[in-house]
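Visitor: Structure incoming, see below.
In UniProt numbering, the protein residues as written are 1 to 139.
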(Lines of atoms letter the chains of each structure in order from A and count residues from 1; the text may use other names and numbers.)
(Lines give C-alpha, C1' and ligand atoms only; values in the text may rest on other atoms or scores of the structure.)
Protein backbone atom coordinates (compact mmCIF):
# COMPACT_ATOMS: atom_id res chain seq x y z
CA UNK A 1 0.00 0.00 0.00
CA UNK A 2 0.83 3.65 -0.16
CA UNK A 3 2.48 5.29 2.77
CA UNK A 4 1.16 8.55 3.98
CA UNK A 5 3.66 11.28 4.66
CA UNK A 6 3.59 12.26 8.29
CA UNK A 7 4.08 15.91 8.89
CA UNK A 8 4.99 17.28 12.25
CA UNK A 9 4.07 20.78 13.18
CA UNK A 10 7.22 22.32 14.61
CA UNK A 11 6.32 24.71 17.39
CA UNK A 12 8.58 27.49 18.45
CA UNK A 13 9.40 25.78 21.73
CA UNK A 14 10.57 28.22 24.38
CA UNK A 15 13.91 27.31 25.98
CA UNK A 16 13.25 27.76 29.70
CA UNK A 17 16.98 27.70 30.48
CA UNK A 18 17.98 30.25 27.81
CA UNK A 19 21.05 28.36 26.53
CA UNK A 20 21.31 30.60 23.46
CA UNK A 21 21.34 33.77 25.62
CA UNK A 22 24.27 32.56 27.70
CA UNK A 23 26.22 31.03 24.79
CA UNK A 24 25.93 34.28 22.83
CA UNK A 25 27.28 36.28 25.77
CA UNK A 26 24.15 38.48 26.07
CA UNK A 27 23.90 37.55 29.74
CA UNK A 28 25.76 35.63 32.43
CA UNK A 29 24.19 32.39 33.59
CA UNK A 30 22.91 32.84 37.17
CA UNK A 31 24.50 30.86 40.00
CA UNK A 32 21.13 30.42 41.75
CA UNK A 33 18.13 28.41 40.48
CA UNK A 34 16.60 30.23 37.51
CA UNK A 35 14.41 29.97 34.43
CA UNK A 36 13.85 32.14 31.37
CA UNK A 37 10.34 33.44 30.73
CA UNK A 38 8.46 35.44 28.13
CA UNK A 39 5.34 37.52 28.59
CA UNK A 40 2.30 35.48 27.60
CA UNK A 41 -0.29 36.85 25.20
CA UNK A 42 -3.16 35.67 27.36
CA UNK A 43 -2.41 35.31 31.07
CA UNK A 44 -0.37 38.52 31.27
CA UNK A 45 -0.54 38.83 35.04
CA UNK A 46 0.70 35.29 35.63
CA UNK A 47 4.24 33.97 35.44
CA UNK A 48 4.68 30.21 34.93
CA UNK A 49 7.40 28.61 37.06
CA UNK A 50 8.65 25.41 35.34
CA UNK A 51 7.93 22.27 37.39
CA UNK A 52 11.44 20.86 36.95
CA UNK A 53 13.08 24.04 38.33
CA UNK A 54 11.01 23.77 41.53
CA UNK A 55 11.58 20.00 41.77
CA UNK A 56 15.28 19.84 40.83
CA UNK A 57 16.29 22.59 43.27
CA UNK A 58 13.82 21.43 45.96
CA UNK A 59 12.40 24.95 46.19
CA UNK A 60 9.86 25.56 48.96
CA UNK A 61 7.92 28.53 47.64
CA UNK A 62 6.11 30.66 50.25
CA UNK A 63 2.42 31.66 49.77
CA UNK A 64 3.52 35.14 48.63
CA UNK A 65 6.79 36.29 47.08
CA UNK A 66 8.46 39.47 45.93
CA UNK A 67 9.55 39.82 42.32
CA UNK A 68 12.25 42.47 41.89
CA UNK A 69 13.43 44.16 38.70
CA UNK A 70 17.02 45.16 37.92
CA UNK A 71 16.60 48.69 39.33
CA UNK A 72 15.23 47.37 42.64
CA UNK A 73 11.48 47.94 42.21
CA UNK A 74 9.55 45.27 44.09
CA UNK A 75 6.18 43.75 43.24
CA UNK A 76 4.25 41.34 45.47
CA UNK A 77 2.90 38.17 43.90
CA UNK A 78 0.92 35.16 45.15
CA UNK A 79 2.25 31.65 44.61
CA UNK A 80 -0.51 29.52 43.10
CA UNK A 81 0.20 25.76 43.05
CA UNK A 82 -2.19 23.71 40.93
CA UNK A 83 -3.16 20.11 41.73
CA UNK A 84 -1.22 18.89 38.66
CA UNK A 85 2.02 20.30 40.11
CA UNK A 86 2.30 23.46 38.02
CA UNK A 87 3.17 26.69 39.80
CA UNK A 88 2.13 30.18 38.75
CA UNK A 89 3.03 33.53 40.26
CA UNK A 90 -0.17 35.57 40.16
CA UNK A 91 -0.19 39.35 40.41
CA UNK A 92 2.72 41.77 40.15
CA UNK A 93 4.07 40.29 36.90
CA UNK A 94 2.03 42.58 34.62
CA UNK A 95 3.15 45.65 36.58
CA UNK A 96 6.80 44.61 36.42
CA UNK A 97 6.47 44.12 32.65
CA UNK A 98 4.73 47.49 32.27
CA UNK A 99 7.34 49.39 34.30
CA UNK A 100 10.17 47.75 32.33
CA UNK A 101 8.53 48.12 28.89
CA UNK A 102 8.61 44.35 28.33
CA UNK A 103 7.15 43.26 24.99
CA UNK A 104 6.10 39.81 23.75
CA UNK A 105 9.46 38.76 22.23
CA UNK A 106 11.59 40.01 25.12
CA UNK A 107 12.91 37.40 27.51
CA UNK A 108 13.28 37.60 31.26
CA UNK A 109 15.86 35.74 33.32
CA UNK A 110 14.05 34.87 36.56
CA UNK A 111 16.49 33.96 39.33
CA UNK A 112 15.48 32.67 42.77
CA UNK A 113 17.60 34.56 45.31
CA UNK A 114 17.70 34.28 49.09
CA UNK A 115 17.65 37.56 51.00
CA UNK A 116 19.74 38.43 54.04
CA UNK A 117 20.31 35.52 56.43
CA UNK A 118 19.02 33.15 53.73
CA UNK A 119 15.44 33.54 54.97
CA UNK A 120 13.34 35.28 52.37
CA UNK A 121 13.23 33.88 48.85
CA UNK A 122 12.54 36.41 46.10
CA UNK A 123 12.63 36.35 42.31
CA UNK A 124 15.15 38.67 40.65
CA UNK A 125 14.14 39.56 37.07
CA UNK A 126 16.59 40.64 34.37
CA UNK A 127 14.94 41.71 31.11
CA UNK A 128 16.69 40.97 27.81
CA UNK A 129 15.09 43.04 25.11
CA UNK A 130 14.68 41.38 21.70
CA UNK A 131 17.23 42.63 19.18
CA UNK A 132 19.44 44.44 21.67
CA UNK A 133 22.48 43.45 23.67
CA UNK A 134 21.49 45.27 26.82
CA UNK A 135 18.74 46.88 28.84
CA UNK A 136 16.47 49.52 27.25
CA UNK A 137 17.44 51.94 30.01
CA UNK A 138 21.07 51.88 28.83
CA UNK A 139 20.36 53.02 25.28
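Backbone N, C-alpha and C fix where the C-beta goes; we use that ideal spot for every residue, glycine too.
For residue 41, count the other beta carbons within 10 Å of its own beta carbon; 16 or more makes it buried, fewer makes it exposed. Which is it?
Guide: It counts as exposed.
Visitor: Determine the DSSP secondary structure at residue 129, reduced to helix, strand or coil.
Guide: Reduced to three states, the DSSP call for residue 129 is coil.
Visitor: Here's a check: name, in chain order, each residue in its chain whose Cβ is nearer than 6 Å to the Cβ of residue 70, leaving out the five neighbours to either side.
Guide: Around residue 70: 126.
Visitor: Enumerate, from N- to C-terminal direction, the unbroken beta strand (DSSP E) stretches of 3 or more residues contained entirely within the segment 14-101.
Guide: 34-38, 46-49, 64-68, 74-81, 87-90, all fully within the segment 14-101.
Visitor: If you follow the beta strand (DSSP E) that residue 113 is in, where does it begin and where does it stop?
Guide: Segment 107-114, the beta strand (DSSP E) holding residue 113.
Visitor: To which residues of the same chain is residue 50 closer than 7 Å at the C-beta, ignoring the five residues directly before and after it?
Guide: For residue 50, where only same-chain residues beyond five positions count, the Cβ hits under 7 Å are 16, 35.
Visitor: Going by alpha carbons, who is nearest to residue 48 out of 117, 85, 102, 60?
Guide: Nearest C-alpha to residue 48: 85.
Visitor: Select from 46, 53, 107, 27 the residue whose C-alpha is nearest the C-alpha of residue 76.
Guide: Closest by alpha carbon: 46.
Visitor: Have a look at residue 33 and residue 21 and give me their C-alpha separation to the nearest angstrom.
Guide: Distance between the alpha carbons of residue 33 and residue 21 is about 16 Å.
Visitor: Suppose you measure from the CA of residue 110 to the CA of residue 101; what does that come to, to the nearest Å?
Guide: The alpha-carbon atoms of residue 110 and residue 101 are separated by roughly 16 Å.
Visitor: Taking residue 68 and residue 124 to be in contact with their CB atoms under 8 Å, please state how far apart those CB atoms are, rounded to whole angstroms.
Guide: At roughly 5 Å, the Cβ-Cβ gap stays under 8 Å, so residue 68 and residue 124 are in contact.
Visitor: Quick one: residues in its chain with C-beta nearer than 8 Å to the C-beta of residue 64, no 5 flanking neighbours on either side, listed in chain order?
Guide: The residues are 76, 77, 78, 79.
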